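Remarks on the structure that follows.
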Amino acid sequence: MAKKHVDVKMCRENAIIAEDVFSDDGVLIVSKNTFLTNYIMDKLNYFNIETIVIYEFDNVDNELGGYESHIRSFKEEYDSNVYLVKKVIVDLSKGEELDFDAIEKISLSLFHEVSYGNSAVRYINRLKVFDDYTYHHCINVGIYTALIGKWLGCDDEKMKEFAMAGILHDIGKYRIPVEVLNKRGVLTKEEVELLEKHPVFGYEMVKDDENIGTNIKDAILSHHERKDGSGYPYGLRGNRIGKDARIVAVADFYEALTSNRPYRQKVSPFEAIKIFEASGMETYDLSVAMTFFKNIVNCYIGEKVKLSDGRIGEIVYVPPYDLINPIIKIGEEIIDLSRDTDIKIESLV
């Protein structure tokens, strides 16, 4: 898709920004793939941004069509990846060998999508998955781990490794009865003990596979370990937990909260970060988590949200110092959620 540099003063509404826009001090102002609105143009002028890069189309209809076409293309690729990972895992559960070529194909697909932009994040948040949730979870965590690698400044090979670790992290759950995985009530002590064995089960499934790297095997085994020693299966602490495992842990935490489960509804990305601030600061790798959160919130700029008072607004800015309280625009009204404390974001729409 062709790009061009344009003077902000010459831009028209609904153009699609093709590259992230940063202030002079390195703060992200507008994410790539954001539609240009009057508010966004005002913000660019406020920060004295004179030129931006946009996608080049013949007309506005083509701009909208081009972006929607990319979303459709991503959906097709996403559905194909879910089907592939399901087949691989079902075959594994039957005692067959891991189809490494299929997993590598999925990893490359996720890597390429993440390298392109933020469409994957927006698409994931529109999913309303209840059937085959675990397979979607594998793909989503793979996307988030690759994104973390990107935002940490890792090279392409490391991003692909993180994606593969995310895809495979929960394969051990396929030795757990589905009635335990999807149970709506409180798990018994025996069921909890069985569920907490899934990292070991997963590791046993791949430990002798020479195609799977050591870091990925460690991520499968250790993604439920926590830096304060409260995790499982071995109660490892701090840097005794491998980097891949710490990255998968953050992605797993976020994906689990922001996706529908058979036994509960998802929460908004901002509520997920609020939950992390309340309960995850001592248990997860903070450098990984904050890098992820500070970047992913900007993927939602331009998204519509439903507020607790029933109104629909648009996220126009997320303060880097207050990630859980974005600035919302409804018509000409600007709502600062850090000040309007009676109003909350209920969901993305």
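Heads up: the sequence shown at position 165 corresponds to 164 in numbering that gives the first Met the number 0, and the numbers run straight through without jumps.
Just so it is clear, CB atoms sit at the ideal spot from N, CA and C, and this is done for glycine as well.
From a predicted model like this one, the values you see are computed outputs, not experimental measurements.
Give the secondary structure of residue i by DSSP, where H, G and I count as helix, E and B as strand, and everything else as coil.
i: T144; result: helix
i: Y173; result: helix
i: I138; result: helix
i: L256; result: helix
i: K303; result: strand
i: Y132; result: helix
i: G237; result: helix
i: L63; result: A caution first: L63 carries a pLDDT of 46, below 50, which makes its placement in the model unreliable, though a value can still be read off. It is helical.
i: D227; result: strand
i: D41; result: helix
i: R71; result: helix
i: L97; result: coil
So, using beta-carbon positions, are residue i and residue j closer together than 8 Å?
i: E192; j: V179; result: no
i: I166; j: I138; result: yes
i: I329; j: G301; result: no
i: V52; j: K2; result: yes
i: I219; j: Y202; result: yes
i: I240; j: E224; result: yes
i: K305; j: V348; result: yes
i: I142; j: V287; result: no
i: H197; j: D243; result: no
i: A164; j: L109; result: no
i: E281; j: Y231; result: no
i: I334; j: I342; result: yes
i: S337; j: N324; result: yes
i: L151; j: T290; result: yes
i: S106; j: K159; result: yes
Can you tell me where the beta strand (DSSP E) holding residue i begins and where it ends?
i: T50; result: 50-54
i: K3; result: 2-6
i: V315; result: 311-316
i: L347; result: 344-347
i: E332; result: 332-335
Let me confirm a value: residue i is counted as buried when at least 16 other C-beta atoms fall within 10 Å, else exposed. Which label applies?
i: N297; result: buried
i: N238; result: exposed
i: D131; result: exposed
i: P268; result: buried
i: R245; result: buried
i: T133; result: buried
i: E75; result: exposed
i: F161; result: buried
Can you give me the start and stop residues for the alpha helix (DSSP H) that residue i sits inside?
i: I219; result: 213-221
i: G201; result: 197-205
i: G165; result: 155-167
i: E189; result: 188-194
i: S118; result: 118-125
i: I272; result: 268-278
i: L285; result: 285-295
Practice task
Taking 8 Å as the threshold, find out whether the segment 100-111 comes into contact with the segment 41-51 through three or more Cβ pairs.
Solution key: Using a Cβ-Cβ distance cut-off of 8 Å, the segment 100-111 and the segment 41-51 are not in contact, since fewer than three pairs of beta carbons, one from each stretch, lie closer than that value.
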